[in-house]
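Participant: Going left to right, the sequence shown walks through residues 6 to 143 as this note's numbering numbers them.
Virtual Cβ for every residue (Gly too), placed ideally from N, Cα, C.
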Amino acid sequence: MRRVNTTDLEARLSKLSPLQYAVTQEGQTERAFTGAYWNNHADGTYRCVVCNSPLFDAGTKFESGTGWPSFYDVIENGRVATKEDRSFGMRRIEATCANCGAHLGHVFEDGPRPTGLRYCMNSASLDFEPKSEKAAAG
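1) By Cβ distance, which residues of its chain are closer than 8 Å to Thr120, with the 5 residues on each side in sequence left out?
2) Let's see if you can read the secondary structure: which residues bound the beta strand (DSSP E) around Asp13?
3) Are there 16 or more other CB atoms within 10 angstroms of the CB of Asn10, so buried, or fewer, so exposed?
4) Considering only C-alpha positions, which residue in the set Glu68, Phe67 and Thr101 is nearest to Ser130?
5) Got a sec? Which residues, its chain only, sit under 7 Å from Ala41 by beta carbon, not counting five neighbours each side?
6) Assign Arg52 to one of two classes, buried (16 or more other C-beta atoms within 10 Å of its C-beta) or exposed (fewer than that).
7) What whole-angstrom Cβ distance do Val28 and Asp132 have, given they're in contact under 8 Å?
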């Protein structure tokens, strides 16, 4: 369910790079180990690149070895929506931004405790806000 109004969404989409658009709007996947955040270890918040909704806290990010930023939990229930994805002859769970519907990546059940989940996200679908900027803004 999208909560962003259409005019605002169109303005936001026009500011995306071609890769960000392909990932968030067409459900494509960036190549492993190429995204800006797969190896980011800074403290902060990962937000939806389309609508700026907070999705993941850096404290839940872990090294999955996949080449994509991976998290074991969302920042708050209801921020990330999931649905079954049967594309490419596979059965996966797609993760989307609950606010604007942007494709984020997929969720797998091979993550660490406490959830056992791995939110395998595309860097192109995320924007990172370092903790120092959060403190200054708050």
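Facilitator: The short version:
1) Here residue 120 refers to the residue found at position 115 when the sequence shown is read from its first residue. The residues are Tyr77 and Asp78.
2) The residue labelled residue 13 in the question sits at position 8 within the sequence shown. Element bounds for Asp13: not the beta strand (DSSP E) but the alpha helix (DSSP H), Thr11 to Ser19.
3) In the sequence shown, counting from the first residue as 1, residue 10 sits at position 5. Flag for Asn10 reads exposed.
4) Within the sequence shown, numbered from 1, the residue matching residue 130 stands at position 125. Comparing Cα positions, the closest option is Thr101.
5) Residue mapping note: residue 41 aligns to position 36 of the sequence shown, counting from 1. These residues qualify, in order along the chain: Ser128.
6) The residue labelled residue 52 in the question sits at position 47 within the sequence shown. By the neighbour-count criterion, in which 16 or more other beta carbons inside 10 Å mark a residue as buried, Arg52 falls on the buried side.
7) Counted from its first residue, the sequence shown places residue 28 at position 23. Counted from its first residue, the sequence shown places residue 132 at position 127. So it is not a contact: roughly 13 Å between Cβ atoms.
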